[in-house]
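Student:
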Amino acid sequence: MSELKWIGCRVRLRTALGIEELGALISARVFGGVPFGGREDFIRDEVPAIYTSEPILGVRFILSGEGDSEGYLLEPHVEGDLLIQAGREAVEFVDLGPVIALTLQEAAEVTCETLPLHPQ
407 MSELKWIGCR VRLRTALGIE ELGALISARV FGGVPFGGRE DFIRDEVPAI YTSEPILGVR
467 FILSGEGDSE GYLLEPHVEG DLLIQAGREA VEFVDLGPVI ALTLQEAAEV TCETLPLHPQ
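Under the numbering used here, the first residue of the sequence shown is numbered 407, with each subsequent residue one higher.
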């Protein structure tokens with residue numbers, strides 16, 4: 407089977423912006439206007455979370471956190487159905503974290519830290 411990888415990142419973001427405002431900034435600067443939403447879905451039990459309304463090359467991006475000293479976390483999620491179609495049990499990613507961090511750091515109100523990207 408040929409090598410198959412998805413795009414992904416794990417970036418810690420620190421900002422005074424709220425989660426929706428940060429999602430709008432990421433949408434505009436990184437994801438070509440694909441909006442974040444779904445806060446009312448409570449996809450993370452412990453913290454607020456939003457996700458891209460549409461997959462980007464098969465990947466939904468989740469932004470979660472309370473914005474406190476831990477900041478927010480931007481990370482990928484590949485739907486299980488897509489894994490089954492691809493005949494995969496785990497996902498390998500091409501890490502776009504450094505590019506995303508560089509793009510977002512141009513916004514004066516955001517500081518970024520890239521984190522190791524683990525297989526899903």
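Glycine is no exception: its CB is placed at the ideal position from the N, C-alpha and C atoms.
1. Taking one C-beta from the stretch 412 to 424 and one from the stretch 511 to 524 each time, how about it: are there three or more such pairs within less than 8 angstroms?
2. G503: buried (16+ other C-beta within 10 angstroms of its C-beta) or exposed?
3. Which same chain residues, not among the five before or five after R445, have their C-beta less than 8 angstroms away from its C-beta?
4. State the start and end residues of the unbroken beta strand (DSSP E) segment that holds G414.
5. Helix, strand or coil for D447 per DSSP?
Tutor: Reading it off the structure:
1. yes
2. Position 97 of the sequence shown, counting from 1, holds the residue named residue 503. The residue is buried, with at least 16 neighbouring Cβ atoms inside 10 Å.
3. Here residue 445 corresponds to residue number 39 of the sequence shown, with the count starting at 1. Around R445: I425, E426, P454, A455 and I456.
4. Sequence index remark: in the sequence shown, residue 414 carries index 8 (1-based). Where G414 is concerned, the enclosing beta strand (DSSP E) stretches over W412 to G414.
5. The residue labelled residue 447 in the question sits at position 41 within the sequence shown. DSSP places D447 in helix when its eight states are reduced to three.
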